[in-house]
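Numbering (my numbering), first residue to last: 47 to 258.
Think of the CB as a built atom: it goes at the ideal place given N, C-alpha and C, for glycine as much as any other residue.
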Amino acid sequence: MRLTPQNYFPVSPFFLVLLLFAFGLLVTLIEFNVLTYAYEKMGISRRYVFTILLLSLFGSGVNIPIAEFPAKDVHVDRVVRYFGMQYVVPQVERLDRTILAVNVGGCVIPVALSVYLLLNNPIFGRAVVAVGIVSVRFEGQTWPEAFVNTAMLLAAMGPLTAPKTDAGRIFAGCYALYCGLVFLFIAGLLVTPVAHRLLHLFHADPDEPSEP
47 MRLTPQNYFP
57 VSPFFLVLLL
67 FAFGLLVTLI
77 EFNVLTYAYE
87 KMGISRRYVF
97 TILLLSLFGS
107 GVNIPIAEFP
117 AKDVHVDRVV
127 RYFGMQYVVP
137 QVERLDRTIL
147 AVNVGGCVIP
157 VALSVYLLLN
167 NPIFGRAVVA
177 VGIVSVRFEG
187 QTWPEAFVNT
197 AMLLAAMGPL
207 TAPKTDAGRI
217 FAGCYALYCG
227 LVFLFIAGLL
237 VTPVAHRLLH
247 LFHADPDEPS
257 EP
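Put into structure tokens, the structure is as follows:
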């Protein structure tokens with residue numbers, strides 16, 4: 047693979063040797079069923095442990111660009127001294143372009159593993175609520191306000207306090223859509239047996255003799 051500014055190996059040869067040594071220790075721990083036991087307690091099969099570790103190690107040098115922000119000029123104020131007096135002088139600084147990338151070993155694989163654990167763990171519902179509260183808290187709200195807003199989103203009534211940032215608005219929209227889909231799924235599981243039972247009770251079988 048050709049090395050580019052987005053795809054590079056993030057460690058020096060010295061640290062690479064240390065990583066290989068650490069990987070040898072990990073293999074030893076796996077042989078003693080320490081990490082294997084931990085992964086199995088999380089619901090991951092023993093045969094996938096080596097694969098996850100290898101993908102995390104070699105994926106750390108692969109970054110996937112997802113957005114690029116072009117270079118731009120920004121105006122900043124500089125304080126200069128001239129004969130003992132301070133003056134604010136506006137200046138123009140050039141900001142280089144910024145590439146937003148996702149690391150495979152440090153982001154994609156851990157997120158995929160976390161999603162798998164959430165979907166196969168009984169604490170999934172509580173984890174969703176906790177993520178909602180913490181995310182709303184980052185909007186500058188207090189913990190009680192974050193709790194109330196998350197509860198309002200879960201109840202499909204919308205937040206009491208509108209998010210102040212674009213990231214908060216995007217998260218609130220995605221969180222509300224996700225909660226709506228979960229509600230529809232649960233409602234379908236609950237309503238379908240009841241509806242089937244009611245239809246079965248009121249269904250008239252033409253072969254069955256009518257009661258006098």
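With respect to the 9 Å criterion, G151 and S91 are not classified as neighbours on the basis of their beta carbons. Looking at the backbone, the Cα of V126 and that of L141 are separated by about 22 Å. In chain order, A147, V148 and V150 place their CB closer than 7 Å to the CB of I110, counting only its own chain and leaving out the 5 sequence neighbours on each side. If you draw a straight line from the Cα of L99 to the Cα of V161, it is about 17 Å long. The DSSP-derived three-state label of A222 is helix. Annotation: F115 is outside any alpha helix (DSSP H); the continuous beta strand (DSSP E) that includes it extends over N109 to F115. Beta-carbon to beta-carbon, V122 and E139 are separated by about 6 Å, close enough to satisfy the 8 Å threshold. L159 is the residue among L159, A222 and C220 whose C-alpha sits nearest the C-alpha of Y94.
One Cα belongs to Q132, the other to R124, and the distance between them is close to 10 Å. By the C-beta density criterion, A117 is exposed, having fewer than 16 other C-beta atoms within 10 angstroms. Between the C-alpha atoms of V135 and V120 there is a straight-line separation of about 14 Å.
Annotation: L64 to T74 spans about 15 Å, alpha carbon to alpha carbon. Put simply, of F96, S58 and Y85 the residue whose alpha carbon is nearest the alpha carbon of F69 is F96.
Distance from the CA of I112 to the CA of I145, rounded to the nearest whole angstrom, comes to 8 Å. R143 sits in coil when the DSSP states are folded into three classes, being neither helix nor strand.
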